[in-house]
Amino acid sequence: MAAYIIADVRVTDPVAYEVYKSLTPDAIARNGGRFLSRGGETAVLEGDWQPNRIVILEFPDLGSAKAFYDSPEYMKAREARRDAADFKMIVVEGL
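In our numbering, each number is its position in the sequence shown, counted from 1, plus 24.
So, in structure tokens, the structure goes:
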């Protein structure tokens, strides 16, 4: 069953965030994931949510998504983004 990581990202340091962005594709691919959305245009359809930069990743299953998040490669990327962005991130299983 596929799993999706969804992140709402508020970039606070665009230059440092570029370093983070350069580190993530390899970590995602190593765990069987791929980008579905990477900061495209958004439109609120209901509620008062004011999304920032939305990123959606797809993985083969929940275990792969969690393995990505805990991987040494992504830990390095997370360290790079520490002062570059505020993240809200979830993982959800698909159907």
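For glycine and all other residues, C-beta sits at the position ideal for the given N, C-alpha and C.
In angstroms, rounded to a whole number, what distance separates the CA positions of residue i and residue j?
{"i": "P49", "j": "P75", "result": "22 Å"}
{"i": "P84", "j": "S95", "result": "16 Å"}
{"i": "E97", "j": "A67", "result": "32 Å"}
{"i": "D37", "j": "A101", "result": "14 Å"}
{"i": "G56", "j": "V79", "result": "16 Å"}
{"i": "F111", "j": "I30", "result": "10 Å"}
{"i": "D72", "j": "K90", "result": "29 Å"}
{"i": "S46", "j": "D107", "result": "16 Å"}
{"i": "M99", "j": "E42", "result": "16 Å"}
{"i": "M113", "j": "E103", "result": "16 Å"}
Below 8 Å between beta carbons: does that hold for residue i and residue j?
{"i": "Y44", "j": "R105", "result": "yes"}
{"i": "A109", "j": "R62", "result": "no"}
{"i": "F92", "j": "A51", "result": "yes"}
{"i": "L86", "j": "V115", "result": "yes"}
Within the 8 Å Cβ cut-off, does residue i reach chain C?
{"i": "I52", "result": "Considering every chain present, this structure includes no chain C. It has just one protein chain."}
Quick one: what's got a C-beta closer than 7 Å to residue i's C-beta in the same chain, skipping five residues either side?
{"i": "G118", "result": "M25, A26, A27 and Y28"}
{"i": "R54", "result": "S95 and E97"}
{"i": "D32", "result": "P75, N76, I78 and K112"}
With a CB to CB cut of under 6 Å and the five nearest residues on each side skipped, what residues in its chain are close to residue i?
{"i": "R58", "result": "E82"}
Please work out which residues of its chain come closer than 8 Å, Cβ to Cβ, to residue i, disregarding the five sequence neighbours upstream and downstream, and give them in chain order.
{"i": "S88", "result": "A27, N55, G56 and G57"}
{"i": "G64", "result": "I78"}
{"i": "L60", "result": "Y28, I80, L81 and E82"}
Review point. At which residue ranges does the stretch 36–83 contain complete beta strand (DSSP E) runs of 3 or more residues, listed in the order of the chain?
Key: As far as the stretch 36–83 is concerned, its whole beta strand (DSSP E) runs of at least 3 residues are 58–62 and 77–83.
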